[in-house]
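So the protein lines, in turn, are chains A and B. Residue 73 is where the first sequence starts when you use this note's numbering, and the numbers rise one by one after that. Residue 18 is where the second sequence starts when you use this note's numbering, and the numbers rise one by one after that. Presented below is the structure to which this report refers.
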Amino acid sequence: AQKVTQAQTEISVVEKEDVTLDCVYETRDTTYYLFWYKQPPSGELVFLIRRNSFDEQNEISGRYSWNFQKSTSSFNFTITASQVVDSAVYFCALSGVYNQGGKLIFGQGTELSVKP
Amino acid sequence: DSGVTQTPKHLITATGQRVTLRCSPRSGDLSVYWYQQSLDQGLQFLIQYYNGEERAKGNILERFSAQQFPDLHSELNLSSLELGDSALYFCASSVGAGVSTDTQYFGPGTRLTVL
Numbered sequence: 073a074q075k076v077t078q079a080q081t082e083i084s085v086v087e088k089e090d091v092t093l094d095c096v097y098e099t100r101d102t103t104y105y106l107f108w109y110k111q112p113p114s115g116e117l118v119f120l121i122r123r124n125s126f127d128e129q130n131e132i133s134g135r136y137s138w139n140f141q142k143s144t145s146s147f148n149f150t151i152t153a154s155q156v157v158d159s160a161v162y163f164c165a166l167s168g169v170y171n172q173g174g175k176l177i178f179g180q181g182t183e184l185s186v187k188p
Numbered sequence: 018d019s020g021v022t023q024t025p026k027h028l029i030t031a032t033g034q035r036v037t038l039r040c041s042p043r044s045g046d047l048s049v050y051w052y053q054q055s056l057d058q059g060l061q062f063l064i065q066y067y068n069g070e071e072r073a074k075g076n077i078l079e080r081f082s083a084q085q086f087p088d089l090h091s092e093l094n095l096s097s098l099e100l101g102d103s104a105l106y107f108c109a110s111s112v113g114a115g116v117s118t119d120t121q122y123f124g125p126g127t128r129l130t131v132l
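Right, dumping it as structure tokens:
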């Protein structure tokens, strides 16, 4: 079975703090894909990143960085120098290559609140 | 803006009624996915269509059905509505059949309230 766990339900930080959102996944597939999506208060789901299981290089995009560690089945997301606009619910998701179609298995989400 | 459109944005109806949610995928995308987001179940995959054919099915209730039309837009039909069907329904689209290589881009969602 496939499963994504985001143990942090809510995180509150003050602006300019760094914050890391944890994501742990379970899958029996050897080839799989991991995603992060952002859901701001307006409600839409915004794609942030996709990584495949063969690429363990960390990725940085501006203030965002992702740490993929296959050994611990984790795909953590760090926001550096957080801003109020980063306040949102963040979802980690998994898709296995042997899934039917391309359905995404989502974690429960982490609600990030960045206070000025 | 992801390029995926969903209508209506909000829908309020009564128990026992039937509603239709509509989705237009991004230009060039052949797959459409439907997801339900509720407080107790989180984000759950319902069903996927690829180029008009059903591709994958999740925990979609028998009271729910979907289809994808020749112009690739999709409709999700919810019937005999219950209070527990109140949720945010998302449509997503991707280029291919979704064998995990595709990125799914989500629409703004339709918020359904069943009274």
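Don't be surprised by glycine CBs; every beta carbon is placed ideally from N, CA and C. Since we're looking at a predicted model, the values are computed, not measured.
Residue burial classification, residue i (beta-carbon count within 10 angstroms, cutoff 16)
i, result
"Leu56 of chain B", "exposed"
"Ile151 of chain A", "buried"
"Val91 of chain A", "buried"
"Gly101 of chain B", "exposed"
"Asp18 of chain B", "exposed"
"Asp46 of chain B", "buried"
"Ala153 of chain A", "exposed"
"Ile132 of chain A", "exposed"
"Gln23 of chain B", "buried"
"Asp119 of chain B", "buried"
"Ser84 of chain A", "exposed"
"Ser41 of chain B", "buried"
Check whether residue i and residue j have beta carbons under 9 Å apart
i, j, result
"Gly181 of chain A", "Val161 of chain A", "yes"
"Phe107 of chain A", "Phe126 of chain A", "no"
"Gly126 of chain B", "Gln54 of chain B", "yes"
"Thr30 of chain B", "Leu132 of chain B", "yes"
"Gln74 of chain A", "Gly168 of chain A", "yes"
"Gly75 of chain B", "Gln61 of chain B", "yes"
"Gln141 of chain A", "Phe147 of chain A", "yes"
"Glu92 of chain B", "Thr130 of chain B", "no"
"Leu93 of chain A", "Cys164 of chain A", "yes"
"Ile121 of chain A", "Tyr136 of chain A", "yes"
C-beta neighbour in chain A for residue i, strict 9 Å
i, result
"Phe81 of chain B", "no"
"Ser111 of chain B", "yes"
"Asp119 of chain B", "yes"
"Pro125 of chain B", "yes"
"Gly75 of chain B", "yes"
"Arg128 of chain B", "yes"
"Gly115 of chain B", "yes"
"Leu60 of chain B", "yes"
"Tyr122 of chain B", "yes"
"Leu47 of chain B", "no"
"Leu28 of chain B", "no"
"Ser96 of chain B", "no"
"Ser91 of chain B", "no"
Beta carbon proximity, residue i to chain B, threshold 9 Å
i, result
"Gln180 of chain A", "yes"
"Phe119 of chain A", "yes"
"Phe140 of chain A", "no"
"Leu93 of chain A", "no"
"Phe107 of chain A", "yes"
"Arg122 of chain A", "yes"
"Gly134 of chain A", "no"
"Phe147 of chain A", "no"
"Glu89 of chain A", "no"
"Ser185 of chain A", "no"
"Phe163 of chain A", "yes"
"Glu116 of chain A", "yes"
"Ser159 of chain A", "no"
CB-CB length for residue i against residue j, believed under 8 Å
i, j, result
"Glu87 of chain A", "Lys187 of chain A", "7 Å"
"Ser48 of chain B", "Arg72 of chain B", "7 Å"
"Ala83 of chain B", "Asn94 of chain B", "7 Å"
"Leu98 of chain B", "Gly33 of chain B", "6 Å"
"Arg43 of chain B", "Tyr122 of chain B", "6 Å"
Interface partners of residue i on chain C, CB under 8 Å
i, result
"Phe86 of chain B", "In the structure shown, chain C cannot be found, because the protein chains are A and B."
Point to revise | alpha helix (DSSP H) runs wholly inside the segment 95 to 121 of chain B, at least 4 long, in chain order | key: none
**Study point:** Continuous beta strand (DSSP E) assignments of at least 3 residues falling wholly in the segment 139 to 180 of chain A
**Key:** Correct list: 146 to 151, 160 to 168.
Check your understanding: Which whole runs of the alpha helix (DSSP H) in the segment 33 to 101 of chain B are 4 residues long or more, in chain order?
Key -> none
Practice item. Let me know the beta strand (DSSP E) ranges lying completely inside the segment 98 to 123 of chain A, each 3 residues or longer, listed in chain order. Key: 104 to 111
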